[in-house]
Amino acid sequence: QVQLVESGGGLVQAGGSLRLSCAASTSIFRSYTMAWFRQAPGKEREFVATFLGNGTSTYTDSVKGRFTISRDSDKNTIYLQMNSLKPEDTAVYYCNLRFRGSTYDFWGQGTQVTVSS
318 QVQLVESGGG LVQAGGSLRL SCAASTSIFR SYTMAWFRQA PGKEREFVAT
368 FLGNGTSTYT DSVKGRFTIS RDSDKNTIYL QMNSLKPEDT AVYYCNLRFR
418 GSTYDFWGQG TQVTVSS
């Protein structure tokens with residue numbers, strides 16, 4: 318019913334940039350929200366960024382000013398532009414989709430981001 322396909326991860330040096338993409342496809346005709354999460358080795362999955370209803374975005378404190386979430390509604394795709402990457406940004410990044418009014422989360426397969434020092 319829902320498919321999320323992430324791409325754009327890789328290995329980058331500290332200070333570098335990467336752009337992640339997540340294409341969503343679904344046969345369910347309901348509005349939904351999308352977000353980015355990440356999970357570092359040995360740590361729990363954590364929220365990174367999402368869109369707010371007023372057209373703005375919200376980010377976890379550690380990425381504010383460095384990461385930017387955006388979307389192309391025509392393509393059902395969201396992006397995460399990551400600049401000034403730090404070794405502590407190393408994680409598997411996951412795309413998340415949740416239909417409005419639901420508490421169930423759909424996840425992509427994840428894409429590895431590795432930042433070397």
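Terminal number for the sequence shown in the working numbering: 434, no gaps in between.
Where a beta carbon is used, it is the ideal one built from N, C-alpha and C, also for glycine.
Using beta-carbon positions only, say whether Ala331 and Pro404 come within less than 8 Å of one another. Yes, they are a contact pair.
Give the straight-line distance between the Cα atoms of Cys339 and Val432, rounded to the nearest whole angstrom. Cα-Cα distance, rounded: 20 Å.
Give me, in chain order, the residues of the same chain whose beta-carbon lies closer than 6 Å to that of Asp406; leave out the 5 immediate sequence neighbours on both sides. Result list for Asp406: Val432, in chain order.
Using three-state DSSP, classify Ser434 as helix, strand or coil. Looking at Ser434 - three-state DSSP - the assignment turns out to be coil, as it is neither helix nor strand.
According to the neighbour-count rule (16 or more other Cβ atoms, all chains shown, within 10 Å of its Cβ), is Arg355 buried or exposed? The residue in question, Arg355, is buried, as its Cβ has 16 or more Cβ neighbours within 10 Å.
Cross-strand partners of Thr385 (DSSP beta bridge): Answer is Gln398.
For Trp424, which of Ile386, Arg336, Gly370 and Tyr410 has the nearest alpha-carbon? Nearest C-alpha to Trp424: Tyr410.
Can you grab the Cα-Cα spacing for the pair Gln398 / Ser334, in whole Å? Approximately 7 Å, taken between the alpha carbons.
Per the DSSP calculation, Ala429 is bridged to which residue(s)? As written in the sequence, residue 429 is Gln, which differs from the Ala given in the question. Partner residues in the beta bridge of Gln429, as assigned by DSSP, are Val409.
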